[in-house]
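Below: the structure, in structure tokens.
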Amino acid sequence: MEQLEEQLLSKILTLQKERQAANSDRSQQQHDIEKELNSLQSRVAELEHGSPGYSPPDAFKVTIPVQNNYMYARMKKSLPELYAFTICMWLKSKALAGLGTPFSYSVPSQANEIVLLEWGTNPLELLINDKVAQLPLSLKDKAWHHICVAWT
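Per this note's numbering, the sequence shown starts with residue 7, numbered consecutively.
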């Protein structure tokens with residue numbers, strides 16, 4: 007009986023040590039996860055507000071400022087006149103009627119040179135020089151859609 011008690015006590019001590027080690031490992035993992043999350047949050051904030059002292063290379067023709075609640079690209083250099091283009095993007099629309107402009111290109115003489123527009127319950131529309139072409143697409147299903155529009 008004494009031998010059985012010693013074995014049980016030994017086993018209990020072993021299990022307690024294993025539990026302490028597991029708790030210590032869990033605590034270290036939690037600490038590592040929190041540290042990584044803080045680092046990611048800091049990086050996201052930096053990306054949202056722009057990195058101080060960072061200036062994109064002049065070779066880039068487009069910059070995308072991120073200090074706003076929507077994304078837009080600003081041309082840094084002039085482009086030659088467009089005779090054709092293709093743009094591809096992923097879109098996720100709401101199920102309700104709404105207004106959105108997933109893509110817009112303007113020039114000094116024309117605010118809406120090329121616009122991809124979704125409004126009301128209408129299908130997607132492509133405006134080129136204020137001429138409207140309704141596209142055979144309706145995206146009111148809350149799903150992601152990969153869309154490419156080519157114009158020649």
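The C-beta atom is built at its ideal place from N, Cα and C for all residues, glycine as well.
Computed from a predicted structure; not experimentally measured.
Residues sharing a beta bridge with residue i, DSSP
i: Met7; result: Its beta-bridge partners do not exist; DSSP assigns none.
i: Ile18; result: None, per the DSSP bridge assignment.
i: Ile93; result: Val155
Cβ-based neighbour list, residue i, same chain, cut-off 7 Å, excluding 5 preceding and 5 following
i: Thr158; result: Ala90
i: Leu88; result: none
Rounded C-alpha distance that separates residue i from residue j
i: Leu133; j: Leu141; result: 10 Å
i: Leu21; j: Ile39; result: 26 Å
i: Thr92; j: Thr107; result: 16 Å
Under the three-state DSSP convention, the category residue i falls into
i: Lys146; result: coil
i: Ala156; result: strand
i: Lys98; result: strand
i: Glu42; result: helix
i: Glu87; result: coil
Cut-off 8 Å between Cβ atoms - residues of its own chain near residue i, not counting five sequence neighbours on either side
i: Asn128; result: Gln140
i: Trp96; result: Trp150, His151, His152, Ile153
i: Asn44; result: none
Proximal residues to residue i (C-beta, below 6 Å), its chain only, five neighbours per side dropped
i: Leu130; result: Glu124, Leu141, Leu143
i: Val50; result: none
i: Ile4; result: Since the first and last residues shown for the chain are 7 and 158, residue 4 lies out of range.
Length at least 3, wholly inside the stretch 103-142: the beta strand (DSSP E) runs in chain order
Complete beta strand (DSSP E) runs here, min 3: 104-113, 116-126, 131-134, 137-140.
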